[in-house]
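So the protein lines, in turn, are chains A and B.
The numbering of the first sequence is the numbering used here, which starts it at 956 and goes up by one.
The numbering of the second sequence is the numbering used here, which starts it at 255 and goes up by one.
Positions of the beta carbon are idealized from the N, C-alpha and C atoms, including for glycine.
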Amino acid sequence: MQPESGSLRDYRQQISAALNDQFLRQAMDNFAVAYRGSRQTVFEGLDPDAMAEAIADMKDRSLGRLDALFDQFKQRAESNGITVHWAKDADQANQIIADIAAQNKARRIIKSKSMTAEETLLNHFLEARDLEVTETDLGEWIVQLRHEGPSHMVMPAIHLSRYQVGELFSSVTGQGRFGEDIDQMVKVARRELRKKFLQADMGISGANFAIADTATIGLVTNEGNARLVTTLPPVHVALIGLEKLVPTLDDALRILKILPRNATGQFITSYVTWITGPAPCAIGPDGNKQMHVVFLDNGRMAVARDPEFRDALRCVRCGACANVCPVYRMVGGHRFGHIYIGAIGLLLTCFYHGEARARQLLKNCINCGACKAVCAAGIDLPRLIKSAHRRVIAKKSHPLKNQALSLMLKNRRLFHGMLRSARIAQQPVKATDGFLRHLPHFLLPEHQFRALPAIADAPFRDIWKKRPARRPAQPVCRVALFAGCVQDFVYPEQLEAAARVLTECNVAVDFPDDQSCCGLPLEMMGERAAAQAVAGQNVGAIDPDAYDYIVTLCASCASHLTHGYPRLIESKRAERFIAKVMPFSRFMADVIDVPARRFEPGAIDTTWHAPCHLCRGLGIRQAPETLIKRTGANYLPAVEAETCCGFGGSYSVDFPLISAHILNKKMADFQQTGADRVVTECPGCILQLRGGFKNAGIDMPVMHLAELLDEHWKPKGGTR
Amino acid sequence: MTSQPQWRQKFTQKAQHVSAIVQSVADYEQAARYAVTRCPAHENAKLAAPGLPETLQFLVADHCRQNAIAWIDQNLRAYPEGFAVGLTMADYGIADTGTLVIGSRDENLRLATMLCDIHIAVLPVSCICEKAEDIADQLSAWMQTGGDYTAFITGASRTADIERVLAIGVHGPLELHILLLEDV
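Written out as structure tokens, the structure is:
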């Protein structure tokens, strides 16, 4: 859980503690790898993207008429004899439930898993009124006994080892030691909780679906506890977030098809329970169960009406966004959300538990897009997180570092002038191998995990002015190079290599001089106005009608120009500009279709790092592999080729320890392939990976795809 | 809905994938015998068998008598210690996921599937469909009347809440046996 108002420094300290928890690290790591495999198996023969799209469509339609769905549910349920409540906030929901307990003289309450009840801190509320509340989901029971919150929406106790659970159970049951025997621990839970089920006066459940058409609730579980909670006691209360309302059973079945597959890599859970109720209950009044459904608003209606954030309510709570998140994998759920965790948790914390609690959390998105790619409801989580971050900082004064960066980047001449001054300033610490001998003093000791490159002697823009590429007499097409800052000022040789290869392919290459930073760093820091100004600068700098393509060698720039710009700048010219943007690999593989015979094969063992913004951001997966193979290299794929390298631009400055841990994993993964070099297509990734290998003293060249093609290009008499 | 042979095959495979035991039975007699044989022969062992078709109920009662096993079909709440075996019918099988669909409005039927160590469900092969969507209309019809409680059951009760290690049998049955009934 996050404190009401913590500083970034406090948050970094919590993170540092999590990173030192060896069990947590190993558990998270095993899970991340196992999940990927099992998810792939259960989606075989299905199209998860199309399934997510269908859910997004259905949810969008439902979210537009939540009031009507609520009315329909309520009317139907009441005609069946169920009481339906609307709770405007957490306190009201808790009070309603406490009142139901009081009216029924219920003292002992059993609960099945409900994130909504976690959201309202229902257990605390009821316990403070002298009620005994027992969680019956094994994981929830464990965290309840430990007086902590869940660290994952589906696997609440994933942060704990069997030994910790064994000790906990020994102290609770007063029995001997459990050692390693998980089966024995599960039996203890079965026995202890069976007593609670039989004694309970009231059962509380959540719900995965609330079907308006028939007033049916749907519960998706594995252990069978929800069935007992909703069957044994005479009173059943279901606490449900309003966004769980769906029109029909068909809609619920559609979600059911993806939910367990995405959550735990199961085809379906052991139990799916559809309760229209009130079902017969021998000890209930009139032989029927007394049933209540409490719908919780707590900010949901406001979000549903907010076009910027409405998509967040599509969430079906599968937790997959945490499962694939490289940051969650490093720090676990308790440091990656308040009560709701994972990417969706960062947002829901902001909506349901206050912006103050979310302020630091929202910075902790590395923007790799893994959550967006896996989301069961097609939520563009990284974009929403950035928007929420922007909204939070807009209400306070912008941090000084943001103001400075905005000011600098909005003025290209100022920005480039500063980079040139930095080149001169760095001379005393610049080593001959292109790295800085020690890091600038404003960085923390934690930033020592990677060596930083020096700014190049001359930026690409200066080199180009002196020696522009030769223009082919009859070019196959005209291309404007978009450089981005890192390549222009740190790695100009990558652009030079690309220019050579493009010219060899009979492409007319231009470098429009007025272009600047793409503006993604500003978006990442929540500086919308400056990001818009920079976008305007670039669209003005490159005339889309003068070129067939705008080619960039930076995957992050390409992704931001393609997906970020339409939200930043609206004009016909901008539309034409955006339509012409293309990453280098796609251009070479699909437009030029450069044949293998143009390369001098060198059978070097080569692995590939897929930049986040290339593979997920732009959906380019095949082109780089095709090109690497055409150069004659031995292509050795890495298991985690598509996992983020940990760079994330300003992210690695804000959270150096996390960035370092992600990087270490990546380096080990590449080494496991046995490859002699790593190829990638983003200067940011290159900066991170080269810096990491250099610092670790590992000789592993990391090169840009353009450099690979250039290196293996077959010399043609005198043309090079 | 006409059940297809390949659905039966897929149903079997998917149910076995989640550790259900799938067995073919020719008639109610075999089903009754199967269930009673799974009930251990000690004096506290009870077999819960509510809501069965009359013929099957008669056969189960008969076998239980012969083997001195207590069989119960009413007021299951009176047995908080639970049952060695719960024998029920299933309404549908969903091949896609190996799922049993049991309309569980009757509280005794519900308890029989929850409070037993071994749940044995008899599923007529003609009731196997391909996907959940195929029976959505029927399920919706059940839900039109208040009091409905429809259960999808796939394998035995399970958890992976401790170190993600799979453990079978948490709050529900430790085993699920499915008897595919050839002919009624």
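Buried or exposed (CB count within 10 angstroms, at least 16 for buried), residue i
i, result
"S993/A", "exposed"
"E1597/A", "buried"
"F1532/A", "buried"
"P1447/A", "buried"
"V1594/A", "exposed"
"S1361/A", "buried"
"S1471/A", "buried"
"K1527/A", "exposed"
"D1252/A", "buried"
"S897/A", "As displayed, chain A neither begins before 956 nor continues past 1675, which places residue 897/A out of reach and without an answer."
"T309/B", "exposed"
"I1238/A", "exposed"
"H1515/A", "buried"
"A421/B", "buried"
Residue from the options with nearest C-alpha to residue i
i, options, result
"A1056/A", "E1073/A, N1078/A, W1041/A, I1497/A", "N1078/A"
"G1646/A", "R1255/A, A972/A, L1407/A", "L1407/A"
"L1214/A", "D1465/A, V1329/A, A1181/A, F1610/A", "V1329/A"
"A1428/A", "D1443/A, V1464/A, T1628/A", "V1464/A"
"N1629/A", "F1164/A, D1560/A, V1445/A", "Before going further, note that residue 1629/A is Gly rather than Asn in the sequence given. It is D1560/A whose Cα lies nearest to the Cα of G1629/A."
"N1217/A", "Q968/A, M1373/A, R1272/A, W1096/A", "R1272/A"
"Q1442/A", "G1274/A, A1048/A, C1637/A", "C1637/A"
"A1072/A", "S1526/A, R1367/A, G1491/A, S1160/A", "S1160/A"
"I1524/A", "V1536/A, I1547/A, A1486/A, T1038/A", "A1486/A"
"Q977/A", "Y1307/A, Q968/A, M1285/A", "M1285/A"
"L1197/A", "A1181/A, L1018/A, H1114/A, R1101/A", "L1018/A"
"D327/B", "T367/B, H296/B, D345/B, T353/B", "T367/B"
"E297/B", "L310/B, A286/B, A324/B, V314/B", "A324/B"
"P1550/A", "P1611/A, G1287/A, C1460/A, S1106/A", "C1460/A"
"L1100/A", "W1419/A, R1062/A, T1089/A", "T1089/A"
"R1255/A", "D1241/A, L1211/A, L1303/A", "L1303/A"
"V1039/A", "I1051/A, M983/A, S1614/A", "I1051/A"
"G1000/A", "A1193/A, R967/A, E1178/A, F1222/A", "F1222/A"
"I1294/A", "F1437/A, V1098/A, F1152/A", "V1098/A"
N-terminal and C-terminal residue of the beta strand (DSSP E) that residue i is part of
i, result
"F1602/A", "First-last for F1602/A: undefined, no H or E at that position."
"A303/B", "That residue, A303/B, is in no beta strand (DSSP E); it is neither H nor E in DSSP."
"D1015/A", "Per DSSP, D1015/A belongs to no beta strand (DSSP E); it is in the alpha helix (DSSP H), 1003-1018."
"E297/B", "It is not in any beta strand (DSSP E) - E297/B carries neither H nor E in the DSSP assignment."
"Y403/B", "403-407"
"H431/B", "429-435"
"L1251/A", "1245-1251"
"V339/B", "337-343"
Other residues of its chain near residue i: CB distance less than 6 Å, five sequence neighbours each side excluded
i, result
"E1299/A", "In the sequence under discussion, the amino acid at residue 1299/A is Ile, which differs from the Glu named in the question. So the qualifying residues of the chain are C1270, C1276."
"V1384/A", "L1391, R1392, H1393"
"A405/B", "I356, S358"
"D1631/A", "I1559, D1560"
"G1481/A", "H1344, R1345, I1348"
"Q1027/A", "A1167"
"S1342/A", "E1263"
Extent of the continuous alpha helix (DSSP H) run through residue i
i, result
"T1186/A", "Counting along the chain, T1186/A falls outside any alpha helix (DSSP H), and DSSP gives it neither H nor E."
"M1285/A", "1281-1286"
"F1025/A", "1021-1035"
"Y990/A", "977-997"
"K1667/A", "For the record, residue 1667/A in the displayed sequence is His; it is not Lys. Run containing H1667/A: 1660-1667, per the alpha helix (DSSP H) assignment."
Residues of its chain near residue i, where Cβ-Cβ distance is below 8 Å and the 5 sequence neighbours each way are ignored
i, result
"A1386/A", "R1392, A1409"
"H1667/A", "F1554, E1555, P1556, G1557, T1586, G1587, A1588"
"N1035/A", "A1170, T1231, G1232, P1233"
Close beta carbons around residue i, own chain, < 7 Å, minus the five adjacent residues each side
i, result
"V1456/A", "A1661, L1664, D1665, W1668"
"A1011/A", "R1269, A1332, G1333"
"K1649/A", "F1390, A1406"
Going residue by residue through the segment 1118-1203 of chain A, where are the continuous beta strand (DSSP E) segments of at least 3 residues, counting only ones entirely within it? 1157-1160, 1164-1166, 1171-1176, 1190-1196
For the segment 1314-1396 of chain A, list the beta strand (DSSP E) runs that are entirely contained and at least 3 residues long, ordered along the chain. If we require 3 residues or more, the segment 1314-1396 of chain A turns out to have no beta strand (DSSP E) run fully inside it.
Going along the chain, which unbroken runs of the alpha helix (DSSP H) with 4 or more residues stay wholly within the segment 1476-1513 of chain A? 1483-1496
Which full runs of the alpha helix (DSSP H) of 4+ residues lie inside the segment 1040-1115 of chain A, going along the chain? Listed in chain order, they are 1045-1058, 1070-1075, 1077-1082, 1093-1100.
Going along the chain, which unbroken runs of the alpha helix (DSSP H) with 4 or more residues stay wholly within the segment 1407-1445 of chain A? 1415-1421, 1439-1444
Complete beta strand (DSSP E) runs within the segment 257-292 of chain B (minimum length 3 residues, chain order): 275-279
Which full runs of the beta strand (DSSP E) of 3+ residues lie inside the segment 1564-1649 of chain A, going along the chain? 1632-1635
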